[in-house]
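**Q**
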Amino acid sequence: VGTPFCIDNGVNISEPPCQGTFSNDAFTGNLSLTKKAERTSFTASLGQSIIPSSIGAETLRNEFRLRANHGFTRTVRGNVGILLFNETIAAATEQTSDFDRDYLSINANLEWRFARNWGVRGAYRYVKIKDNRNQTFPEADNNYFFLGVFFTGTGWQF
Numbered sequence: 003v004g005t006p007f008c009i010d011n012g013v014n015i016s017e018p019p020c021q022g023t024f025s026n027d028a029f030t031g032n033l034s035l036t037k038k039a040e041r042t043s044f045t046a047s048l049g050q051s052i053i054p055s056s057i058g059a060e061t062l063r064n065e066f067r068l069r070a071n072h073g074f075t076r077t078v079r080g081n082v083g084i085l086l087f088n089e090t091i092a093a094a095t096e097q098t099s100d101f102d103r104d105y106l107s108i109n110a111n112l113e114w115r116f117a118r119n120w121g122v123r124g125a126y127r128y129v130k131i132k133d134n135r136n137q138t139f140p141e142a143d144n145n146y147f148f149l150g151v152f153f154t155g156t157g158w159q160f
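Numbering of the sequence shown is given in our numbering, commencing with residue 3 and proceeding in unit increments.
#1: Tell me which same chain residues have a C-beta within less than 6 Å of the C-beta of Tyr105, skipping the five on either side of it?
#2: Going by the beta-carbon positions, is the gap between Arg103 and Glu113 smaller than 7 Å?
#3: Can you round the beta-carbon distance between Ala125 and Asn109 to whole angstroms, since I take them to be within the 8 Å contact cut?
#4: In three-state DSSP terms, what is Tyr146?
#5: So for Ser43, helix, strand or coil by DSSP?
#6: Look at the Cβ atom of Val82, then the Cβ atom of Ser107, and state whether they are nearer than 7 Å.
#7: Looking only at its chain, what residues have a beta carbon closer than 8 Å to the beta carbon of Gly80, apart from the 5 residues adjacent to it on each side?
#8: Hey, how far is the Cα of Pro54 from the Cα of Leu62?
#9: Three-state secondary structure (DSSP) at Phe66?
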């Protein structure tokens, strides 16, 4: 059994009761625009949010997303998308000011329904991360491939 502890703004570790509060006046929200055609839709969105980070501090995330969905046939559909975002510490301190990362994610999905509730889905995603403050490991690239069978029922899916 471990001892409980508090993380104050991602920097100071202390025992409960936790001291200090965090406030940030940053705007959070999302603006999205969608254009639908007969079998295709295009979506662009721009947003800003505050999310937890891996180092225990609150992160300010600015993102831009483009996505296109297309129904090729009644049973085959797919989409492609691109996501660009930046994450920085919302209230940087001396210990957390080195957190500043840019991300690029490109993905493509293709889905085939071979029965009413069953289908096969394949996906590819490329992710590039650039750490603007870390000179030891400034960039990383990842490639993800996915192939799976899915079931969709009334109100639930696998």
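Note that CB positions come from ideal geometry on N, CA and C, so glycine has one too.
**A** Working from what's here:
#1: Excluding the 5 residues flanking it on each side, Tyr105 has same chain C-beta neighbours closer than 6 Å at Phe87 and Ile131, in chain order.
#2: Taking C-beta atoms as the reference points, Arg103 and Glu113 fail to come closer than 7 Å.
#3: Here Ala125 really is in contact with Asn109; their C-beta atoms are around 7 Å apart, less than 8 Å.
#4: If DSSP states are grouped into helix, strand and coil, Tyr146 belongs with the strands.
#5: Reduced to three states, the DSSP call for Ser43 is strand.
#6: At a Cβ-Cβ threshold of 7 Å, Val82 and Ser107 do not count as neighbours.
#7: Contacts found: Asn71, His72, Phe74, Ala110, Asn111, Leu112 and Glu113.
#8: CA-CA distance, Pro54 to Leu62, rounds to 9 Å.
#9: Strand at Phe66.
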